[in-house]
Amino acid sequence: MTHTPKNPIGIYDSGVGGLTVLRELRARLPGEDILYFGDSINCPFGNRNEEELQAITSRIFTFFASRGVKLTVSACNTTSALFQLKSEPDFGFPILGIIVPIAVRIARLGLGEIGLIGTEFTVSSGIYERQLKNFAPEMQVWGQGSRNLARLVDQCRFDGDEIPNEVEKCTGALFAQKKLDHVILACTHYPIVRDTFCKAAPGVTFLDPAKEQAVSAEKLLSEQGLKNPQASGKLEVYTSGDPALFERVAEKIGLGGEFKAERMVL
Numbered sequence: 680m681t682h683t684p685k686n687p688i689g690i691y692d693s694g695v696g697g698l699t700v701l702r703e704l705r706a707r708l709p710g711e712d713i714l715y716f717g718d719s720i721n722c723p724f725g726n727r728n729e730e731e732l733q734a735i736t737s738r739i740f741t742f743f744a745s746r747g748v749k750l751t752v753s754a755c756n757t758t759s760a761l762f763q764l765k766s767e768p769d770f771g772f773p774i775l776g777i778i779v780p781i782a783v784r785i786a787r788l789g790l791g792e793i794g795l796i797g798t799e800f801t802v803s804s805g806i807y808e809r810q811l812k813n814f815a816p817e818m819q820v821w822g823q824g825s826r827n828l829a830r831l832v833d834q835c836r837f838d839g840d841e842i843p844n845e846v847e848k849c850t851g852a853l854f855a856q857k858k859l860d861h862v863i864l865a866c867t868h869y870p871i872v873r874d875t876f877c878k879a880a881p882g883v884t885f886l887d888p889a890k891e892q893a894v895s896a897e898k899l900l901s902e903q904g905l906k907n908p909q910a911s912g913k914l915e916v917y918t919s920g921d922p923a924l925f926e927r928v929a930e931k932i933g934l935g936g937e938f939k940a941e942r943m944v945l
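Here is the structure:
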């Protein structure tokens, strides 16, 4: 399929986490029409096996292909890791992962060591360490996986102790391995509760990969002549879960306004 600047961008995640990527893309590429799908009934992807992940992403990509997207942004560290380890599927559009852009950025910072907190799949895959060492061979990486944090954030458990307790558990386990000054929030759900991380680990710089992914998306579209010149693009948001939770998170992270989500199961 031949794409034009008027074709939309597709963004997907296992739920509300990808809204942090959507926020960065909207700020950097305001003219783009964006189609977002958050698959909350399968959240977190990081607790799924490889076969399940391939089936889930195939359904999402088939939907995006039917809508003629010119680019798909994987706002999910788990599936970005999967596509780095395995061959990327071909649905007629490029797929931009979230891991390589932040790895390049961190290498430029000249850090000798870094931590990461993500889903069990993302951490156990070793893909962050592999990509970081591609750009900074001497880099030392320490990781800590969480089975529950993405799910708790996706369910908007912001008012109780579950999220703070899980964050303290993760940061405590990571810093028991090594005291670190910089930590990657290697799941797009985690920046939604960045303040909780900062409270649990004062003085630590927590890095959000979404910013670098948005920079890479703009660069890719510009290079291919596919950047939409219009002043303001349309936004369609779908979820297999509860739209009200998406609208709550959108308000929490500053997306609010005319933001509306609809329920759709693929």
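Mapping the sequence shown onto our numbering, position 66 (from 1) lands on 745, and the numbers just tick up by one.
No residue lacks a Cβ here, since even glycine has one placed at the ideal position from N, Cα and C.
Owing to the predicted nature of the structure, the values given are computational and were not obtained by experimental measurement.
Where DSSP assigns a beta bridge to S753, which residues make up the other side? Y691
Could you name each continuous alpha helix (DSSP H) segment of 4 residues or more that falls completely within the stretch 835–886, going from the start of the chain to the end? 841–856 and 873–879
Could you compute how far the alpha carbon of F800 sits from the alpha carbon of N686? 32 Å
For the ligand NAD, any of its heavy atoms closer than 7 Å to the Cβ of A786? You won't find the ligand NAD in this model; it holds no ligand whatsoever.
Residue from E841, G839, S911 and G776 with nearest C-alpha to Q810: G776
For S762, the nearest candidate out of R787, I793, G805 and R836 (CA to CA): First, the residue type needs correcting, since residue 762 is Phe and not Ser in the sequence shown. Nearest C-alpha to F762: G805.
Excluding the 5 residues flanking T879 on each side, which residues of the same chain have their C-beta closer than 6 Å to its C-beta? Residue 879 is actually Ala in this sequence, not Thr. Closer than 6 Å at Cβ, skipping near neighbours: V846, E847 and T850.
Quick check on DSSP: helix, strand or coil for T699? helix
My output table needs one value for Q810: the three-state DSSP class, helix, strand or coil. helix
Below 8 Å, can you find three or more Cβ-Cβ pairs linking the stretch 874–893 to the stretch 719–726? no
Suppose the cutoff is 6 Å on Cβ atoms and the five residues either side in sequence are ignored; what does the same chain contact list for I630 look like? Lying outside 680 to 945, the shown extent of the chain, residue 630 is not represented and no answer is given.
Return the bridge partner residues of V1005 from the DSSP annotation. Only positions 680 to 945 of the chain appear in this structure, which leaves residue 1005 out of reach.
Report all residues from its chain with a CB closer than 6 Å to the CB of K857; omit the five preceding and five following residues, and keep chain order. W821
A896 beta carbon less than 8 Å from that of L750: yes
Could you check whether the stretch 727–744 touches the stretch 697–708, counting it as contact only if at least three pairs of C-beta atoms, one from each stretch, sit closer than 8 Å? no
Identify whether L775 lies in helix, strand or coil by the three-state DSSP scheme. strand
Should the stretch 831–844 be regarded as contacting the stretch 858–874, the criterion being three or more beta carbon pairs within less than 8 Å? yes
When burial is assigned at 16 or more other CB atoms within 10 Å of the CB, is V779 buried or exposed? buried
Just to confirm, are I713 and G912 a CB contact at a threshold of 8 Å? yes
What are the boundary residues of the alpha helix (DSSP H) that includes L795? Unbroken run through L795 is the beta strand (DSSP E), E792 to T798; no alpha helix (DSSP H).
Local conformation of V928 per DSSP, three classes: helix
When DSSP builds the beta bridges, which residues end up paired with Q823? I796
Under the rule that 16 or more other beta-carbon atoms within 10 Å means buried, what is M680, buried or exposed? exposed
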